[in-house]
Amino acid sequence: MRMHVLAEYEPPYLGEAEEFRWRIPPPRPPAVVRVVPFDAGPSRATLARLFGLVFEAMEGRRPVAQLSAIMSPQVHAAMTTRTRATAGHRFRLLRLHPCRVAADAVEVSATVDTGRRVVAVAARLERDGDWRFTCLRFLTTKAQARPT
Numbered sequence: 847m848r849m850h851v852l853a854e855y856e857p858p859y860l861g862e863a864e865e866f867r868w869r870i871p872p873p874r875p876p877a878v879v880r881v882v883p884f885d886a887g888p889s890r891a892t893l894a895r896l897f898g899l900v901f902e903a904m905e906g907r908r909p910v911a912q913l914s915a916i917m918s919p920q921v922h923a924a925m926t927t928r929t930r931a932t933a934g935h936r937f938r939l940l941r942l943h944p945c946r947v948a949a950d951a952v953e954v955s956a957t958v959d960t961g962r963r964v965v966a967v968a969a970r971l972e973r974d975g976d977w978r979f980t981c982l983r984f985l986t987t988k989a990q991a992r993p994t
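Heads up: the sequence shown at position 123 corresponds to 969 in my numbering, and the numbers run straight through without jumps.
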């Protein structure tokens with residue numbers, strides 16, 4: 847069996863600490879941080895106005911063709927079909943709950959009084975210059991969907 851002497855591994859004592867100096871890097875100037883203004887998305891008033899335009903078309907008080915600027919082509923085509931079935935009904939927005947899901951997208955849940963019942967609405971708006979509906983769904987149960 848052989849024994850070997852270990853290298854020095856103990857920290858220096860207080861008297862020896864003055865000989866041992868830590869290397870401290872020179873101070874650097876602070877980094878420049880670019881501040882980008884936060885865009886909170888459309889306000890509740892803007893969303894209420896957009897939903898109001900949709901409801902006016904569904905009531906038959908506004909031509910659906912006027913909504914092409916605030917809707918994707920798929921939503922616009924679905925609105926054309928839906929307004930035939932809902933003409934004459936009154937729609938009133940009760941509650942509005944927006945949620946910013948991306949820098950250029952907002953998802954909204956809302957409750958709407960249709961005169962006969964209160965229904966939920968789910969929508970997604972995306973910004974391509976202006977805010978546009980890319981999805982708009984009126985949520986009903988099977989019992990509500992049956993004609994009475």
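Note that beta-carbon positions come from the ideal geometry of N, C-alpha and C, so glycine has one too.
So, using beta-carbon positions, are residue i and residue j closer together than 7 Å?
i: Ala969; j: Phe979; result: yes
i: Gly975; j: Arg936; result: no
i: Arg973; j: Asp959; result: no
Is residue i near the ligand ATP - that is, is its Cβ less than 6 Å away from at least one heavy atom of it?
i: Ile916; result: Looking at this structure, you won't find the ligand ATP or any other ligand, since it has none at all.
Can you say whether residue i is buried or exposed, counting buried as having 16 or more other CB atoms within 10 angstroms of its CB?
i: His922; result: buried
i: Val952; result: buried
i: Met925; result: buried
i: Thr927; result: exposed
i: Met849; result: exposed
i: Val954; result: buried
Please report how far the alpha carbon of residue i lies from the alpha carbon of residue j, in whole angstroms.
i: Ala948; j: Phe984; result: 23 Å
i: Ala956; j: Ser889; result: 14 Å
i: Pro872; j: Leu852; result: 36 Å
i: Glu996; j: Arg880; result: Residue 996 is absent from the model: the chain starts at 847 and stops at 994.
i: Thr986; j: Leu971; result: 21 Å
i: Asp885; j: Trp977; result: 13 Å
i: Cys981; j: Gln920; result: 8 Å
i: Glu856; j: Met847; result: 26 Å
i: Gly934; j: Met904; result: 8 Å
i: Ala966; j: Thr929; result: 17 Å
i: Val964; j: Gln912; result: 26 Å
### Query
Are there three or more Cβ pairs, one per stretch, closer than 8 Å when the segment 898-909 is compared with the segment 870-880?
Contact fails: fewer than three Cβ-Cβ distances are below 8 Å.
### Query
Are the segment 912-932 and the segment 881-900 touching, with three or more C-beta to C-beta distances below 8 Å?
yes
### Message
With a threshold of 8 Å, are at least 3 pairs of Cβ atoms found where one atom belongs to the segment 934-952 and the other to the segment 885-896?
### Response
yes
### Task
At 4 residues or longer, and completely inside the segment 938-962: list those alpha helix (DSSP H) runs for me, N to C.
none
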